[in-house]
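Read the structure below first, then the notes.
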Amino acid sequence: ALASLGTVQGLQLLNIYRGRQKRGTRKVARGALRNTGTDPRRLLETLRKSGIGPKRPPPPPSPVRLIHPNGQEAVSYLLDWRRQHAQKGLPGIRPGNLREREYRLPLIVKYFKPAGIVSTTEPVKKKSDKDLRPVVIAAGDRFELDLYHPAVKLATELRGLLVWSRSVDLSSQINDDERGIVHSFDVEVYGTVDEDQLREKVRSGVDTGISGFPEIRHADIQSAKYLQDSTLQNPRSIISLMTRNAKDNVKELVERCGFKVIEVKCTAVGMIKLGNLQEGELIAAEDEEETWACKFAGLPPEMYPPGAFEGSVLSEREQFPP
34 ALASLGTVQG LQLLNIYRGR QKRGTRKVAR GALRNTGTDP RRLLETLRKS
84 GIGPKRPPPP PSPVRLIHPN GQEAVSYLLD WRRQHAQKGL PGIRPGNLRE
134 REYRLPLIVK YFKPAGIVST TEPVKKKSDK DLRPVVIAAG DRFELDLYHP
184 AVKLATELRG LLVWSRSVDL SSQINDDERG IVHSFDVEVY GTVDEDQLRE
234 KVRSGVDTGI SGFPEIRHAD IQSAKYLQDS TLQNPRSIIS LMTRNAKDNV
284 KELVERCGFK VIEVKCTAVG MIKLGNLQEG ELIAAEDEEE TWACKFAGLP
334 PEMYPPGAFE GSVLSEREQF PP
């Protein structure tokens, strides 16, 4: 009994000793991780705060804030910036010939987004290719999309018109729910459609919410056509509709009306239309479309396309924007 008691006490003392050794080793390791060397920036900052050495001059104002996005200075600044990056070997697109470039960059660029592409240039996964970064690279110097941002974002499963804008004010106005900008869609469904009956139903409102949380959506039917290439056993139709602030709920709205949706395509945002643009293509917006967008957002006159005010008189709001 005494022998066994001594053995148990010895094991306990041994475990306590080993535990102390492990804790000491961990403390040393944590200290080693903190002691990674002197940070030069932190050292210089501490010296300047102590009054040692000259103070760092304030940084000059960013030239981007002083440059109008549609002016010649914006193009020159971008070319110089890209040329400096190319000389330093940094990533970027090499500039083209300045003489082959238009001085005024378009305020709006239209893009036919395929389905499955996320409407962002800053995805969660950096290595993902299912976003708009390849579009920026492919655009090159024709459309300098690195200066733009997606103004109207479509859901990943939707295809159609995606608007690129260079004006933050324009984008905020387009996405403002209180403004209620109209979006147009072509929805392909299975079966045949009674246009008058569907128009009456969506005009009166369709509940797209979940149980206990109603969410009434209104729309208007422009047309409903039977697709001639569909079969008698599997008929298909195209529903052209307009709705406000329902970019991501169009499929749910049509399905609540009793149709099985095959595909949803955005064809217009306000007066900005997709037109004959092919999937994956980019094109600058027409002058009429840019003029409408500038008026809608209340942008200053210098943001308008050239010749927008020929034979017209500016309103007080357009002359003196808020």
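Positions 34 to 355 (my numbering) are the ones given, in order, by the sequence shown.
We treat Cβ as the ideally placed atom computed from N, Cα and C, and that holds for glycine.
So, are the CB atoms of L140 and S204 less than 8 Å apart?
Indexing the sequence shown from 1 puts residue 140 at position 107. Indexing the sequence shown from 1 puts residue 204 at position 171. No. Outside cutoff.
Please classify Q255: does DSSP put it in a helix, a strand, or coil?
Position 222 of the sequence shown, counted from the start, is the residue given in the question as residue 255. If DSSP states are grouped into helix, strand and coil, Q255 belongs with the strands.
Within 10 angstroms of the Cβ of G52, are there 16 or more other Cβ atoms? Answer buried if so, exposed if not.
Position 19 of the sequence shown, counting from 1, holds the residue named residue 52. By the neighbour-count rule (16 or more Cβ atoms within 10 Å), G52 is not buried but exposed.
Bridge partners of D219, per DSSP?
To locate residue 219, count along the sequence shown from 1; it is residue 186. Bridge partners of D219: S273, K298.
Best match in L310, E78, Y337 for proximity to L195 [C-alpha to C-alpha]:
Translated into positions along the sequence shown, residue 195 becomes position 162. The shortest Cα separation from L195 among L310, E78, Y337 belongs to L310.
So for L187, helix, strand or coil by DSSP?
For the purposes of this step, residue 187 is taken as the residue at position 154 of the sequence shown. Coil at L187, not helix or strand.
Just the Cα atoms here: how many angstroms apart are E228 and R212?
Counted from its first residue, the sequence shown places residue 228 at position 195. Counted from its first residue, the sequence shown places residue 212 at position 179. Rounded to whole angstroms, E228 to R212 spans 28 Å at the Cα level.
Go ahead and pull the three-state DSSP assignment for A317.
For this step, residue 317 is matched to residue 284 along the sequence shown. Here A317 sits in strand by DSSP.
For E248 and G313, what's the separation of their Cα atoms in angstroms?
Position 215 of the sequence shown, counting from 1, holds the residue named residue 248. Position 280 of the sequence shown, counting from 1, holds the residue named residue 313. When rounded, the distance between both Cα atoms is 34 Å.
Roughly how many angstroms separate the alpha carbons of L165 and V239, rounded to a whole number?
The residue given as residue 165 occupies position 132 in the sequence shown. The residue given as residue 239 occupies position 206 in the sequence shown. So the alpha carbons of these two residues sit roughly 33 Å apart.
Reduced DSSP secondary structure (H/G/I, E/B, other) of F342:
Indexing the sequence shown from 1 puts residue 342 at position 309. Three-state result, F342: coil.
To the nearest angstrom, report how far apart A318 and K143 are at their CA atoms.
On the sequence shown, residue 318 is found 285 positions in, with the first residue counted as 1. On the sequence shown, residue 143 is found 110 positions in, with the first residue counted as 1. The straight-line gap from Cα to Cα measures roughly 6 Å.
Check whether R269 and E221 have beta carbons under 8 Å apart:
Numbered from its first residue, the sequence shown carries residue 269 at position 236. Numbered from its first residue, the sequence shown carries residue 221 at position 188. Their beta carbons are under 8 Å apart, which means R269 touches E221 by this criterion.
Below 8 Å on the Cβ atoms is my contact criterion, and I expect K298 with D219 to pass it. Report the Cβ-Cβ distance as a whole number of Å.
Here residue 298 refers to the residue found at position 265 when the sequence shown is read from its first residue. Here residue 219 refers to the residue found at position 186 when the sequence shown is read from its first residue. Between D219 and K298 the Cβ distance is about 5 Å, and since that is below 8 Å, they are a contact.
Which one of E155, L138, V168 has the shortest CA to CA distance from P147?
As a first step, residue 147 is located in the sequence shown; it is residue number 114 there, counting from the start. Closest option to P147, Cα to Cα, is V168.
As assigned by DSSP and simplified to three states, the class of G213
Start at 1 with the first residue of the sequence shown, and residue 213 comes out as number 180. In this structure, G213 counts as coil in the three-state DSSP scheme.
Quick one: what's L332 bridged to in DSSP?
By one-based count along the sequence shown, residue 332 stands at place 299. Paired residue(s): none; L332 is not in a bridge.
Taking the alpha helix (DSSP H) that L365 falls in, what are its first and last residues?
An answer regarding residue 365 cannot be provided, because it is not within the stretch 34 to 355 covered by the chain.
Rounded to a whole number of angstroms, what is the C-alpha to C-alpha distance between Y337 and F329?
In the sequence shown, the residue the question calls residue 337 occupies position 304. In the sequence shown, the residue the question calls residue 329 occupies position 296. Cα-Cα distance, rounded: 12 Å.
Which residues in the same chain have their Cβ closer than 8 Å to the Cβ of R192, if we skip the five residues on either side of it in sequence?
Your numbering for residue 192 matches position 159 in the sequence shown. Around R192: F145, K146, P147, A148, E296, V297, K298, C299, E312.
Hey, out of K306, K258, A252, whose CA is closest to Y223's CA?
If you number the sequence shown from 1, residue 223 lands on position 190. Of the listed residues, the one whose Cα sits closest to Y223 is K258.
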